[in-house]
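Oh and the sequence shown: position 198 is 239 in my numbering, straight run, nothing missing. Positions of the beta carbon are idealized from the N, C-alpha and C atoms, including for glycine.
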Amino acid sequence: MRCAGPAFVRRVLLAVVSLSCVAAACGNAGHGAEAFYRGKQIRLIAGFPVGNDYDVGARLLVKYLPKYIPGAPAVIVQNMPQAASVAAVNYLYAQAPRDGTVFGSFSRNIVNDALTGEPNVRVDPRRLIWLGATSHPARVCVRRSDAPVKTPADLFTHEMIVSAGGASSSLAIVPTVLNKVLHTKFRIVEGYNGMGDSILAAVRGESQGVCASYGQFRIVDQLIREGKLVFLLRAEEAPIPEIPDVPSIFDYAKTDEQRALMRFAFASTEFGRPYAFPPGVPQDRVSVIRKAMADAAHDPQLLAEASRAKLDMTYTPPEMLERLVAKLYETPPALVATIKSILPKEK
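Okay, here's the thing in structure tokens:
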């Protein structure tokens with residue numbers, strides 16, 4: 042039996058040393074993050090008012106997040122709702138500390154806004170460090186039971202009054218896009234203060250309905266069960282599991298261009314309620330917070346609490362958000378220009 046030569050022995054030793062270094066680096070990363078976060082306070086910049094579904098989801102998440110972060114830091118929510126969360130994402134991108142102590146939650150429309158060149162959005166979504174998301178907020182329109190519009194087909198022959206916030210609020214996006222792409226006859230009454238006021242306007246008869254995320258209608262669940270409010274359509278191609286019989290507005294598109302325009306305009310739904318670090322946060326801290334967010338989102342107690350509150354906390358990993366951003370940035374410029382002419386300009 043021949044003994045191994047010196048060159049073979051050197052190669053084996055080098056391999057062992059390399060593996061040891063990798064293991065030490067991995068261990069040190071975890072210990073380093075634990076030492077960094079112990080005694081710290083992490084801020085979540087929430088881009089919507091207290092009580093909004095983004096805010097409620099964020100507060101539920103941060104309730105469970107500390108136990109999954111090494112060092113168990115405190116996590117607090119700071120609301121920055123100005124300009125439909127544009128102020129929050131601009132602050133996160135340009136001014137927030139880049140040490141892993143500040144992350145943000147903001148409108149799922151921000152990527153589309155940045156891509157279409159909205160002047161107040163000073164963010165490159167490709168440079169944000171995506172941490173994950175919760176919820177898959179499928180968009181729907183709800184009508185009063187006594188509204189003249191009974192089916193999506195009626196929208197092409199009858200006006201339907203819907204209440205909304207500002208022209209570029211999430212409540213106005215669906216009816217605006219459908220009016221300009223499919224030529225429906227929504228009449229959008231603006232000026233209401235978010236979802237609560239908009240749905241109250243429909244209940245009082247000031248409007249005939251509201252278009253918003255499916256989960257936002259949990260506040261009027263009783264009225265829906267009683268048949269006083271009825272789901273009119275979904276702005277999704279795939280069925281919504283909880284309301285599988287609600288028709289898709291995509292069934293009323295007549296051309297491939299119409300479908301492509303609506304897919305782009307409504308693609309933000311796939312971002313759910315996203316969370317991100319600003320650019321430049323050290324990678325070991327990014328890895329720690331990403332894992333902590335995934336673990337917290339799957340915590341059985343969190344899921345039970347979310348179920349009782351009828352709050353969608355479906356988790357989306359950061360890699361999926363990165364792919365969504367990359368895919369949107371591959372959109373042909375001509376299509377982006379058309380979308381830009383469709384979506385509201387002001388913030």
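Shown here for residue 351: same chain residues with a beta carbon closer than 8 Å to its own, the five before and five after excluded, namely 256, 259, 262 in chain order. With a 10 Å radius around the Cβ and a threshold of 16 neighbouring Cβ atoms, residue 180 comes out buried.
Restricting attention to 353, 248, 109, 107, the CA atom closest to the CA of residue 282 is found in 353. A Cβ-Cβ contact shorter than 8 Å links residue 84 with residue 119. Distance from residue 275 to residue 289 at the Cβ level is roughly 5 Å; contact confirmed, criterion being Cβ atoms closer than 8 Å. The C-beta of residue 159 has 16 or more other C-beta atoms within 10 Å across all chains shown, which makes the residue buried. In this structure residue 315 is buried. Its beta-carbon is surrounded by 16 or more other beta-carbon atoms within 10 angstroms. Of all C-beta pairs linking the segment 219-238 to the segment 146-154, fewer than three are shorter than 8 Å, placing the two stretches out of contact. Taking residue 303 as the centre and dropping the five residues before and after it, the same chain places the C-beta of 218, 222, 291, 294 closer than 7 Å to its C-beta, in chain order.
By the criterion of at least three beta-carbon pairs nearer than 8 Å, the segment 75-83 is in contact with the segment 104-113. By the Cβ neighbour-count rule, residue 205 is buried, with 16 or more other Cβ atoms within 10 Å of its own. In this structure residue 143 does not touch residue 135 by the C-beta definition: roughly 12 Å separates them, more than the 8 Å allowed. Around the C-beta of residue 331, 16 or more other C-beta atoms lie within 10 Å, and the residue is accordingly described as buried. Per the coordinates, the alpha-carbon of residue 377 lies some 22 Å from the alpha-carbon of residue 130.
Taking C-alpha positions only, residue 324 is separated from residue 141 by approximately 9 Å. The continuous stretches of beta strand (DSSP E) do not include residue 214, which lies in the alpha helix (DSSP H) extending over residues 211-223. For residue 380, the enclosing alpha helix (DSSP H) covers residues 374-383. For residue 174, the enclosing beta strand (DSSP E) has its first and last residue at 170-175.
Taken through DSSP and simplified to helix, strand or coil, residue 193 comes out as helix. If the five residues before and after residue 355 are omitted, its C-beta is found closer than 8 Å to the C-beta atoms of 175, 176, 177, 313, all from its own chain and listed in chain order.
Per the C-alpha coordinates, the member of 166, 171, 249 positioned closest to residue 190 is 249.
If you check the CB distance, residue 101 and residue 116 do not come in under 8 Å. In this structure, DSSP gives residue 239 a helical state, which the three-state scheme calls helix. Per DSSP, the unbroken beta strand (DSSP E) holding residue 253 starts and ends at 250-254. Between the alpha carbons of residue 154 and residue 89 lies a distance of about 17 Å. In the DSSP secondary-structure assignment, residue 146 is bridged to 87, 316. Under the three-state reduction of DSSP output, residue 302 falls in the helix class. In the structure shown, residue 131 adopts helical secondary structure according to DSSP, grouped into three states.
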